[in-house]
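Numbering (the working numbering), first residue to last: 2 to 162.
Quick look at the structure:
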């Protein structure tokens, strides 16, 4: 594996993280859904009550080439918090060096350190490479669960019903 320095994200990383979020959106064919800007991401990560956190990985030259954005959720069955990975991205030209594995391992260590009952994330069903990678890392892809999402006008309608 190449040398990768993993650390908590800092405010000066926001532009790099947002650029990688946009690259991820293009890969997932969802670029039309990205409305986040630097100010929004900065506030989410470093505002008065940040709802999420991020770690970044950089090479010896200091360039940030990977990020993982995550937050805590809670399991009523376990009675404990969990760590939920929203996005993990490695720049395309840096893949194949073990960076994704290192980032997942760092998050798993953080979950253990914080006494989380589980570490979870979602994967698109068409992303066979990611599914194979996650399974190789020991993750179980749960076939019986689907994500439910309400946004925009539907969210407003539900709130007003």
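For every residue, glycine included, the Cβ atom is placed at its ideal position computed from N, Cα and C.
- Taking a contact to require three or more Cβ pairs closer than 8 Å, the segment 112–120 and the segment 144–155 do not qualify as touching.
- Taking a 10 Å sphere around the C-beta of residue 89, we find 16 or more other C-beta atoms and assign the residue as buried.
- Here DSSP, grouped into helix, strand and coil, assigns residue 123 to coil.
- The C-beta of residue 67 has 16 or more other C-beta atoms within 10 Å across all chains shown, which makes the residue buried.
- Nearest neighbour of residue 54 by Cα position, chosen from 73, 60, 65 and 13, turns out to be 73.
- Between residue 70 and residue 84, the CB-CB gap reaches or exceeds 9 Å.
- Non-local beta-carbon contacts of residue 32 in its own chain, meaning distances under 6 Å to residues more than five positions away in sequence, involve 26 in chain order.
- Taking the C-beta atoms as reference points, residue 46 is found no nearer than 9 Å to residue 16.
- Residue 145 and residue 24 have their alpha carbons spaced roughly 29 Å apart.
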